[in-house]
Each structure stands twice: as C-alpha cells, then as structure tokens.
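Asks: Going down the list, the protein sequences come from chains A and B.
The first sequence begins at 0 in numbering that gives the first Met the number 0 and counts up by one.
The second sequence begins at 0 in numbering that gives the first Met the number 0 and counts up by one.
Every residue, glycine too, gets a C-beta built ideally from N, C-alpha and C.
Can you read through this structure? Questions will come right after.
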Amino acid sequence: MASVLEVPSDTTFVSAGPMVPRPFVVKRFRKETDDTFTLELEPKEGRSRFVFGPGQFNMVYVYGVGEVPISISGSPSTPGLIHTTRAVGTVTKAMAKLKKGDIVGIRGPYGTTWPVKEARSHDVVIVAGGIGLPPLRGAIYEILSNRKDYGKVVLLYGVRTPADILFKDELEQWRARFDMEVFITVDRAVSEWRGNVGVVTTLISKAGFDPQNTIAMIVGPEVMMRFTALEFIKRSVKPDSIYLSMERNMKCGIGLCGHCQFGPMFVCKDGPVFRYTQIKDLLVKWEI
Amino acid sequence: METLERILGQHPFFKDLGPDYLQLVTGCASNVRFEQDTFIFREGEEANQFYLIREGRVALQVFSPERGHITVETLGEGDILGWSWLIPPYNWHFDAKALDLTRAIALDGKCLRRKCEEDHHLGYEILKRFAHIIEQRLESTRLQLLDLYGVRS
Chain A
0 MASVLEVPSD
10 TTFVSAGPMV
20 PRPFVVKRFR
30 KETDDTFTLE
40 LEPKEGRSRF
50 VFGPGQFNMV
60 YVYGVGEVPI
70 SISGSPSTPG
80 LIHTTRAVGT
90 VTKAMAKLKK
100 GDIVGIRGPY
110 GTTWPVKEAR
120 SHDVVIVAGG
130 IGLPPLRGAI
140 YEILSNRKDY
150 GKVVLLYGVR
160 TPADILFKDE
170 LEQWRARFDM
180 EVFITVDRAV
190 SEWRGNVGVV
200 TTLISKAGFD
210 PQNTIAMIVG
220 PEVMMRFTAL
230 EFIKRSVKPD
240 SIYLSMERNM
250 KCGIGLCGHC
260 QFGPMFVCKD
270 GPVFRYTQIK
280 DLLVKWEI
Chain B
0 METLERILGQ
10 HPFFKDLGPD
20 YLQLVTGCAS
30 NVRFEQDTFI
40 FREGEEANQF
50 YLIREGRVAL
60 QVFSPERGHI
70 TVETLGEGDI
80 LGWSWLIPPY
90 NWHFDAKALD
100 LTRAIALDGK
110 CLRRKCEEDH
120 HLGYEILKRF
130 AHIIEQRLES
140 TRLQLLDLYG
150 VRS
C-alpha cells in the first residue's frame, strides 16, 4: 500500500484549515522548455520549511484566475517549495506569467506518496513520460540521499522531442553517477539527435533489474502508464510492486467534493499514487 | 570459449530452440562489426541478413530531402535488427546506421531461408519468433503515433 500522508502537527497551514490557501512568494521563475516552467516558492510569513512527501501535490491558486492541482517537484529534504508544470490551461498559462515577488495561494500538501521506504533493499525503476518527471523528482532525491539503502536505481524517461526534455542539467548529473542509470528516449527525433528514439516501454528491456525484487514507479499519460505496467508484468515484476500516479480533476484536495472520484476512490485523497493492483481494473473502464 | 552457438543459444531470440536447430542456425551466423556512423544497410538494397546486436546502438532512418536523415527507432544491445530478409522481395525499407561502434552476429538470410524451406518446423519456429518482434515493434509504433505527450487539444 502506498504511504498515506502523515500531516505534521506543526505545519502552519493546518491550523487555518485545509481549504484556506496560504500565501507564498515567487522566489524564482525558470523556463524549462517552450511550454513548461518551474516556480520556486517560499511562504510569505512563517517558517520557510514546507513539509511534504515525494509524490504529493498542492492546490496552487493564482489569485483572481483559479486553482489547479500541481505535483511538488522539489526535494522533501530541502527548504522551499518547487512546482514544475506545463502552461496548458487558463490557470497554468497565468502561472507562466508570474515573476519574482508575485504571490500565489497554496493549499496542501495532499495525497499519497511514492513508496520510497518500502522500496528500500529493492531495485527501483522509475519511468517518466513527458511532463511526468516532476512528480517523480522528489522520490529520486529521496532515494539518492539514501542511496546505499537501495539496489539498482534506473530512470527511464520518454519525451516527445529532444526539445521537450526537462531538467537537462540534472539528468546529466544523474547520468554521470556510478550508482544510477538514466535512459532517455524521444518519440520524434530531429536529425541532430543521437540518442534513443522510440517509446519509453522499449527502454525497460535495457534496465537490467531483478524482476522479483523491483519496485516500479510510473508517471505519464494514462495510456503510457498502462502499457508500461504491462511491460513490467511481462518481465515478471510483481503487479503489486508497480505504482502509478493518477491525474483527475482535483478540486477540494481532501476527498469531499467528489470531482476526482475514481471508482470507489478519490484521486486527491486515496491517490495520486496508487498501487497498480488497486486500480488496474478501473484503468480500462471507459466510464471512469 | 565463447562459441557462436553458445552466444546464440543464450540470446532470448533463440531461447528454447532445440540443439539441432541451434546448430543449423549457427551454420548461417558470423561475427560482424560496424564503426560509428557507418551504414549497416541502406533503403532499397537487397536484404540478406538480420543481426543480433551484441554491443552498440543502431538507428533506423529514413531520408527526407527536406529534413535529412530522420531516425524512426533506435535499437541496442540484445535487439534484433532487420526482418526484410524474411519477406519478399527481400529489400530493406529503411537505412540502418551504427550510432556507436556496434558489434553483432549476422545471420545469413539466404542460408536461413533455405534451411527453413527444407525443414518447416525450423521455419515455423523462426517465423513465430519474428512475429513476436514484429508485434512488439507494431505496438511501439502505434504508441508513438498516439503522440501521447502532446498537449491535449
């Protein structure tokens, strides 16, 4: 079972209630690719430490525009709050225009976390598709900061084109480590690209993990996650060792409003990180 | 000593192929090596081999006058390169270029076709294994075509 959020008792926002946004200041805005960006935030008042688990999300409120759920892409062990997202809707397009010193409202953190503790002593294969890398970054940081506790650590990352690769410098740093393997592939290559071309599932055969002792963490479009999970199972990874992060229309973030209902569960409260076996039957239901 | 027969026997493609058949297949095999940036085969050329890549990476490319060499897929260690040797008129449909120094075992397609014609059990075994690879590549291609990472319109 994925870890359930343990909200720290001293977190300032809790006393204000889970539906009340807390003001955060934009400390830094960084453009990652043509349509993705990173915001580094810190609380306007109070302690700068924002306690969260890897895989959790916040409701980010652009005042006067609206609120959206966005995964936290920073490290749980370092101060500050980092969100990386794509400018695709009304709110995220407004977010893309934020600059240093602007204020946003934050509610959270919400949801379940990646099983980084359960994964200790296992090989860990992390599979990210497109904008799916930011929700996994916290787990990667946690694993790397306790690297000796894990077996093989592999990151498989698939994107549309080379221009869409996020966190290029960081990927290079990870690739340069002797204790982590990083494979990147693109769906569509330009002629200068000398890396891999093909869907991310084709990288699984290169990862060289022990299937009986592997935890897989997957984020990406739902079709990609389904096919990736099946590829792991084909290679004898236990279905209950596969975790996915789901995305639905989260509104309240605390399992009250029902917007993100996913069968008998709420993605905001029972997810976003689910064990594959919890949701595999729901993934192929058209109505959900 | 690492013989070709032993290497072929350990490759997933030939897994559980009987020793007699493995010996027959080995009779069509040879070690090959391609320097970085050399073409292994070119579109339109006669297709008389397939390759078990042992080391390195290979790009399957198509040339477009407007866009140059476009890579449609890359293959690496453990992958099988080429199935046009199996299907008439036995011509390559893409270019294959070694992106790195690439070592492979080449299987002579004419030799293998002849052996498959002589022994249909062997032919069926080989065809089943290629059908599996073709199915995997087709599934990957379909996923690529879905353009899953694009912004939803």
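Mark A/Ala175 as exposed unless 16 or more other C-beta atoms lie within 10 angstroms of its C-beta, in which case mark it buried.
Replies: A/Ala175 is exposed by the Cβ-count criterion.
Asks: List the DSSP bridge partners of B/Ala103.
Replies: Paired residue(s): B/Val31 and B/Ile52.
Asks: Take A/Gly73 as the anchor and find which of A/Val64, A/Lys96 and A/Leu40 has the nearest alpha-carbon.
Replies: Among A/Val64, A/Lys96 and A/Leu40, the Cα nearest to that of A/Gly73 is on A/Leu40.
Asks: Have a look at A/Asp34, A/Asn195, A/Arg85 and A/Ile105 and flag the residue whose alpha-carbon is nearest the alpha-carbon of A/Tyr62.
Replies: Minimum Cα distance to A/Tyr62 is reached at A/Ile105.
Asks: Taking A/Arg154 as the reference, which of A/Arg136, A/Lys237, A/Gly252 and A/Gln211 has the closest Cα?
Replies: Checking the sequence, you will find Leu at residue 154 of chain A rather than Arg. Of the listed residues, the one whose Cα sits closest to A/Leu154 is A/Arg136.
Asks: According to DSSP, A/Phe265 sits in a beta bridge with which residue or residues?
Replies: BP columns for A/Phe265 point to A/Gln260.
Asks: Using three-state DSSP, classify B/Gln60 as helix, strand or coil.
Replies: The answer is strand: DSSP assigns B/Gln60 an E or B state.
Asks: Taking Cβ positions only, does B/Asp36 come closer than 7 Å to chain A?
Replies: Not one chain A Cβ lies under 7 Å of B/Asp36.
Asks: Answer with yes or no whether the minimum CB distance from B/Ser63 to chain A is below 7 Å.
Replies: For B/Ser63, the answer is no, since every Cβ of chain A falls outside 7 Å of its Cβ.
Asks: Listing by chain order, which chain B residues have their CB less than 7 Å from the CB of A/Ala95?
Replies: In chain order: nothing, as chain B lies at least about 13 Å away.
Asks: If you draw a straight line from the alpha carbon of B/Gln143 to that of B/Gly149, how long is it in whole angstroms?
Replies: Roughly 11 Å between the two C-alpha positions.
Asks: To the nearest angstrom, how far is the alpha carbon of A/Thr37 from that of A/Met216?
Replies: Rounded to whole angstroms, A/Thr37 to A/Met216 spans 22 Å at the Cα level.
Asks: State yes or no: is the beta carbon of B/Leu98 nearer than 7 Å to at least one beta carbon in chain A?
Replies: So, interface residue.
Asks: Can you give, in chain order, each stretch of the beta strand (DSSP E) that sits fully within the region 77-137 of chain A and has at least 3 residues?
Replies: Entirely contained in the region 77-137 of chain A, the beta strand (DSSP E) runs reaching 3 residues are, in chain order, 80-85, 102-109 and 122-128.
Asks: Quick check: is the beta carbon of B/Val150 nearer than 7 Å to any beta carbon in chain A?
Replies: Yes, because at least one Cβ of chain A sits closer than 7 Å to the Cβ of B/Val150.
Asks: Would you mind listing the alpha helix (DSSP H) stretches within the region 140-225 of chain A that are 4+ residues and don't spill past its ends, in chain order?
Replies: Counting whole runs of 4 or more residues, the region 140-225 of chain A contains the alpha helix (DSSP H) stretches 167-175.
Asks: Looking only at its chain, what residues have a beta carbon closer than 6 Å to the beta carbon of A/Phe234, apart from the 5 residues adjacent to it on each side?
Replies: One detail in the question is off: residue 234 of chain A reads as Arg in this sequence, not Phe. Pro210, listed in sequence order.
Asks: Look up B/His131 in the DSSP assignment and say whether it is helix, strand or coil.
Replies: Here B/His131 sits in helix by DSSP.
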